[in-house]
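Numbering of the first sequence is given in this note's numbering, commencing with residue 501 and proceeding in unit increments. Please read the structure below before turning to the comments.
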Amino acid sequence: VVTLTALVSAYAQLDRVDQAKELFDAMPLRNVVSWNAMLQGYAIEGRAGEARKLFDSMPCRNVVSWTAIVSAYGHAGLVEEAQRAFDLTPERDMACWNAMVATLAEHASVEMTRAIFDAAPEKNVVAWTALIKASATRCCAREAFRTFKLMDLEGIYPDDVALASVLDAAAGAASLAEGRAIHSAVLQSGGGCDSNFVLSTALLNMYSKCGQLETARRIFEDMDWRSDVTWNAMILAYAENGRGEEAIHLFRLMQLEGLDPDEASFVAVLSACSHCGLVHGGQDHLLSLVQDYPSVVNLQHYACVVHMLARAGETARLAG
RNA sequence: ACGCGGAUUACUGG
Numbered sequence: 501v502v503t504l505t506a507l508v509s510a511y512a513q514l515d516r517v518d519q520a521k522e523l524f525d526a527m528p529l530r531n532v533v534s535w536n537a538m539l540q541g542y543a544i545e546g547r548a549g550e551a552r553k554l555f556d557s558m559p560c561r562n563v564v565s566w567t568a569i570v571s572a573y574g575h576a577g578l579v580e581e582a583q584r585a586f587d588l589t590p591e592r593d594m595a596c597w598n599a600m601v602a603t604l605a606e607h608a609s610v611e612m613t614r615a616i617f618d619a620a621p622e623k624n625v626v627a628w629t630a631l632i633k634a635s636a637t638r639c640c641a642r643e644a645f646r647t648f649k650l651m652d653l654e655g656i657y658p659d660d661v662a663l664a665s666v667l668d669a670a671a672g673a674a675s676l677a678e679g680r681a682i683h684s685a686v687l688q689s690g691g692g693c694d695s696n697f698v699l700s701t702a703l704l705n706m707y708s709k710c711g712q713l714e715t716a717r718r719i720f721e722d723m724d725w726r727s728d729v730t731w732n733a734m735i736l737a738y739a740e741n742g743r744g745e746e747a748i749h750l751f752r753l754m755q756l757e758g759l760d761p762d763e764a765s766f767v768a769v770l771s772a773c774s775h776c777g778l779v780h781g782g783q784d785h786l787l788s789l790v791q792d793y794p795s796v797v798n799l800q801h802y803a804c805v806v807h808m809l810a811r812a813g814e815t816a817r818l819a820g
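Below is the structure:
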């Protein structure tokens, strides 16, 4: 049971929910952990209907099951359902409270998020991070910074996740002074920025949005492993800072590294062409996009090209 | 063996 449950959980975490379900159905015996692992698979993908069905058919439940169903509703954007499940949860622990805070952080107002946060009997760095995110994603950077400082005053040490979230606020507001202060906190927080590529990408992005292209580039160079998001952020950094040729160059390098450009990569490179008036480059990349990567095409790509051609006065080509 | 928070997107703005 333990081994098979671990496998179900692994599939669930790798977004192979349907494989997880196959295995789950084939298990001769299941305990509450097995059920929870399966439930979690649906929760991650926000498949609330299936999660609910499974939850209802569970022979027994514990607080982990309840947290998973709250989270499933949360990821699906069903705030009232999440709230109802949360209210029904017996013996709520911190993770359960955090799941509810996170749900409101993503789908409700900062005020509502703060209300549930304040009501929680205990707060750890996860709850604080969710509250920071509520402000950061709604362009309330000042409030995100305030929350971050409050957390520090409470004696809670920011981890990489918290730091990346508050960096996001600094990037959104293009607050270089705050961004640098957080960067110092990153350096103080131990591992430094080499240890975590997500955090490094957040730093890179913050400097780029603050117009500090060279600093962003230095962070990019210093990283020993770069995810696709890292590459996209760097390409976009060149695009947004008016260096279209270099954006295109980096886009090529990314492919030479064996990475497949995704939707965001093309948005970045096409917006570089648009901003810098590189009409031919834009057309070439659009062609490559629809021919070689048709599955990632979206409207944003066409918007880039339409603006680019319109600005170049090539109204005749807009039809194509 | 199971549950909670994190980075890039043409959207805006300056």
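Glycine included, each C-beta is placed from N, C-alpha and C at the ideal position. Quick caveat, the model's predicted, so the values are computed rather than measured.
| query | Expressed to the nearest angstrom, what Euclidean distance is found between the alpha-carbon atoms of residue 781 and residue 644? | reply | 39 Å
| said: Do residue 579 and residue 607 have their beta-carbon atoms positioned less than 8 Å apart in this structure? | reply: yes
| field | Minimum length 4: unbroken alpha helix (DSSP H) runs contained in the segment 534–577 | value | 548–556 and 563–575
| query | Can the beta-carbon of residue 505 be found closer than 8 Å to that of residue 537? | reply | Note that the C-beta distance between residue 505 and residue 537 is below 8 Å.
| message | Under DSSP, the alpha helix (DSSP H) around residue 713 begins and ends at which residues? | response | 713–722
| Nearest-angstrom Cα separation, counted from residue 591 out to residue 560 | Going from the Cα of residue 560 to the Cα of residue 591 covers about 15 Å.
| Span of the alpha helix (DSSP H) holding residue 795? | Per DSSP, residue 795 belongs to no alpha helix (DSSP H) and is neither H nor E.
| query | On the three-state DSSP scale, how would you describe residue 829? | reply | With the chain covering 501 to 820 only, the question about residue 829 has no answer from this structure.
| said: What residue range does the alpha helix (DSSP H) around residue 501 cover? | reply: Careful: residue 501 lies outside any alpha helix (DSSP H) and carries neither H nor E.
| query | Is the distance from the Cβ of residue 546 to the Cβ of residue 512 below 8 Å? | reply | no
| When you compare only the Cα positions, how much space is there between residue 519 and residue 670? | Cα to Cα, the separation comes out at about 40 Å.
| Just curious, the alpha helix (DSSP H) that residue 521 is in, first and last residue? | First-last of the alpha helix (DSSP H) with residue 521: 517–526.
| Taking C-beta to C-beta, are residue 807 and residue 786 nearer than 8 Å? | no
| query | Whose C-beta lies closer than 7 Å to the C-beta of residue 502 among residues of the same chain, with five residues either side of it excluded? | reply | none
| message | Rounding to the nearest angstrom, what Cα-Cα distance links residue 720 and residue 726 in this structure? | response | Here the alpha carbons of residue 726 and residue 720 stand approximately 8 Å from one another.
| said: So, with DSSP's three-state summary, where would you put residue 837? | reply: As shown, the chain starts at 501 and ends at 820. That puts residue 837 outside it, with no answer to give.
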